[in-house]
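Some notes on the structure that comes next.
Residue numbers (the working numbering): 48 to 266.
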């Protein structure tokens, strides 16, 4: 009798190991497929070398006028962001120090403007920033109307520039961010949904997004 019980237990253990092995293999396969998709995306749309060279260009005072022409050309075609082209557009440390503004405020403006310039100049060359790939863009889902409208228009502008450069990337909304389809952040969001956590990214459609996250009224 004890021999029969032992045999049964061995069979049960072997079956359990087999099931777990199949489950592990399936998980490993999905992880590899996900990493492969991300790798393909990054090889097409991310260039750390180009990103670094553009950032060096932006931070050099000698390139200020040339950078401004390219950046303002994009911003002036928008409704909510063209105001950034009025007055000083701080891009370098020397400009921040000479602006007459409090140090913290000047530094915040410099970082914001550098990010905008980098995004636009990369988009004009068919690329996105490594930050956009891994984090996305803030959508300001619970903030002011102006911020929310501006955030939507900002990524819409980048998508247009990218497509003009031959990069047909799709945008998605995944509160509280806008993310590129196929990016590391997009794949992470989809992975969480597959594991039963959170909501899936939704299409970049103004009516859908703003119905999901209503714009606060103008006060």
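Idealized CB from N, CA, C, for every residue including glycine.
Next item on the list: Taking the CB atoms as reference points, tell me whether residue 92 and residue 174 lie closer together than 9 Å.
Entry: For residue 92 and residue 174, yes; Cβs fall inside 9 Å.
Check: In this structure, what does DSSP give as the bridge partners for residue 224?
Finding: DSSP, once it has assigned bridges, lists 185, 221 as partnering residue 224.
Check: Sorted by chain position, which residues of the same chain lie with C-beta nearer than 7 Å to residue 129's C-beta, five sequence neighbours on each side aside?
Finding: 122, 123
Note to self: Could you compute how far the alpha carbon of residue 206 sits from the alpha carbon of residue 101?
What the structure shows: 19 Å
Next item on the list: Could you check what DSSP says for residue 145 in three-state terms: helix, strand or coil?
Entry: helix
Notebook entry, point to check: Pick from 85, 75, 215: whose alpha carbon is nearest that of residue 237?
Noted result: 85
Notebook entry, point to check: How would you label residue 202, buried or exposed, when you count the other beta carbons within 10 angstroms and need 16 or more for buried?
Noted result: buried
Check: Which of the three DSSP states, helix, strand or coil, is assigned to residue 214?
Finding: Coil, per DSSP.
Check: Does the count of Cβ pairs from the region 132 to 140 and the region 179 to 195 closer than 8 Å reach three?
Finding: Segments in contact, no.
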